[in-house]
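Residue numbers (the working numbering), protein chains in the order written: chain H, 5 to 262; chain G, 151 to 164. Backbone N, C-alpha and C define an ideal beta-carbon position, used for all residues, glycine too. Note that the coordinates shown come from a computational prediction; the quantities given were computed from them, not determined experimentally. The block underneath contains the structure these notes are about, expressed in structure tokens.
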Amino acid sequence: MFEARLLQGSILKKALEGIRELITSGNWECSSAGISMQGMDPSHVALTVLMLQNDLFDQFRCDRNVTLGLNHATFSKILKCAANDDIITLKAEDQPDECNLLFQSANDDKTSDFIIKLTDIDQETLGIPDTEYAATVKVPSVEFQRICRDLSQFGDTIIISVKKGCVEFSGTGEIGSAKIALKESGNVDDDEKVSVEMDKDTPCSLSFASRYLNYFTKATSLSDTVTLQLCPEHPLVVSYDIGDNGSLKYYLAPKIEE
Amino acid sequence: MLGQAKISAFFSPK
Chain H
5 MFEARLLQGS
15 ILKKALEGIR
25 ELITSGNWEC
35 SSAGISMQGM
45 DPSHVALTVL
55 MLQNDLFDQF
65 RCDRNVTLGL
75 NHATFSKILK
85 CAANDDIITL
95 KAEDQPDECN
105 LLFQSANDDK
115 TSDFIIKLTD
125 IDQETLGIPD
135 TEYAATVKVP
145 SVEFQRICRD
155 LSQFGDTIII
165 SVKKGCVEFS
175 GTGEIGSAKI
185 ALKESGNVDD
195 DEKVSVEMDK
205 DTPCSLSFAS
215 RYLNYFTKAT
225 SLSDTVTLQL
235 CPEHPLVVSY
245 DIGDNGSLKY
255 YLAPKIEE
Chain G
151 MLGQAKISAF
161 FSPK
């Protein structure tokens with residue numbers, strides 16, 4: 005038996021917004037630790053990893069590990085029926101062929117009950133090696149969203165460069181070029197501020213497909229801050245924390261010299 | 151000329 009009750013149902017709605025356009029369907033793995041899902045886009049350029057730890061839920065029960073193979077378009081349609089302040093409960097049997105979703109309004113005067121049929125998804129789980137990143141940058145998530153959107157007008161590639169105390173985003177195309185630099189702020193505890201941490205103070209610059217960066221920013225409402233981690237010739241990590249008990253992370257393979 | 155790398159070049163199945 006699996007049952008997970010999420011007081012802040014909007015978290016699930018927001019997380020799915022950040023997933024559904026990248027991954028058609030995925031295995032949502034439920035265990036006593038929580039719920040996790042990983043998947044790649046059809047071109048295998050970006051890996052998306054969602055983690056919802058059991059502490060995120062006010063009630064969580066998972067007697068045996070359960071895999072929920074969910075079509076994300078269908079899941080999203082159902083979640084759109086939930087109000088932002090609804091409590092969402094997910095329920096499934098031990099070897100389920102369907103998952104039950106229950107939405108309760110905040111004042112408990114409306115309940116909606118949905119059943120989503122599960123699908124068998126043949127999908128490999130990838131191991132993500134521990135990496136020492138050359139640069140870790142935290143920026144307001146709305147600022148990152150705006151930069152990605154603005155630079156997409158110039159071309160299909162965005163170059164992210166980190167040097168001491170500064171992160172620079174640039175794009176070049178037929179209509180011209182653009183360069184947006186964010187300087188590190190003094191007080192890094194504030195969500196409105198920018199922080200830049202570097203290993204060995206070595207500047208780092210990588211090129212990425214703007215289309216994918218824009219997909220990632222669909223998760224902006226999950227967190228005030230987004231963390232970018234860069235390492236030469238490695239995938240970029242774009243992380244949105246879900247409070248203290250979850251995260252939505254994207255790994256984007258870089259564009260490299262052919 | 152830049153080419154798009156794939157995730158499989160960096161991460162392997164568990």
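*Listing by chain order, which chain G residues have their CB less than 7 Å from the CB of H/I260?*
The answer, in chain order, is L152, G153, A155.
*Decide if H/K142 is buried, meaning its Cβ has at least 16 other Cβ atoms within 10 Å, or exposed.*
buried
*Tell me where the beta strand (DSSP E) around H/R65 begins and ends.*
63–66
*asked:* According to DSSP, simplified to helix, strand and coil, what is H/N31?
replied: In the structure shown, H/N31 sits in a strand (DSSP, three-state: E or B).
*In three-state terms, what does DSSP make of H/D126?*
coil
*Which full runs of the beta strand (DSSP E) of 3+ residues lie inside the segment 156–194 of chain H, going along the chain?*
161–167, 170–177, 180–187
*Going by beta carbon distance, what residues of the same chain come within less than 7 Å of H/Q108, once the five residues before and after it are set aside?*
If you ignore the 5 residues before and after H/Q108, its C-beta comes within less than 7 Å of the C-beta of D90, I91, T115, all in its own chain and listed in chain order.
*Using the rule of at least 16 other Cβ atoms within 10 Å of the residue's Cβ for burial, across every protein chain shown, is H/R68 buried or exposed?*
exposed
*Can you find a C-beta in chain G that's less than 9 Å from the C-beta of H/Y255?*
For H/Y255, the answer is yes, since a Cβ of chain G falls inside 9 Å of its Cβ.
*Short check: CB of H/E7 to CB of H/L94, under 9 Å?*
yes
*What is the residue span of the beta strand (DSSP E) that H/A87 lies within?*
Run containing H/A87: none; DSSP gives neither H nor E here.
_Interface flag, H/G131 vs chain G, CB-CB below 9 Å_ = Using beta-carbon distances, H/G131 counts as an interface residue toward chain G, with a partner under 9 Å.
*Give me whichever residues DSSP pairs with H/L240 in a beta bridge.*
H/L256
_Helix, strand or coil, according to DSSP, for H/R9 in the structure here?_
strand
*G/I157 to H/S29, Cα distance in whole Å?*
18 Å
*asked:* Need the endpoints of the beta strand (DSSP E) that H/L4 sits in, please.
replied: Here chain H covers residues 5 to 262 and nothing more, so residue 4 of chain H does not appear.
*Assuming H/L186 contacts H/C208 under a Cβ cut-off of 8 Å, what Cβ separation, rounded to an integer in Å, is found between them?*
In fact, because the Cβ distance is near 15 Å, the residues do not count as touching under 8 Å.
*Alpha-carbon to alpha-carbon, H/T140 and H/D203*: 9 Å
*asked:* Between H/T161 and chain G, is any beta-carbon pair separated by less than 9 Å?
replied: yes
_H/Q269 classed as buried or exposed, judged by whether at least 16 other C-beta atoms fall within 10 angstroms_ = Coverage of chain H is limited to positions 5 through 262, which leaves residue 269 of chain H absent and any answer about it impossible.
*Between the CA atoms of H/A50 and G/A159 - distance to the nearest angstrom*: 12 Å
*Please check if any C-beta of chain G sits within less than 9 Å of the C-beta of H/L226.*
no
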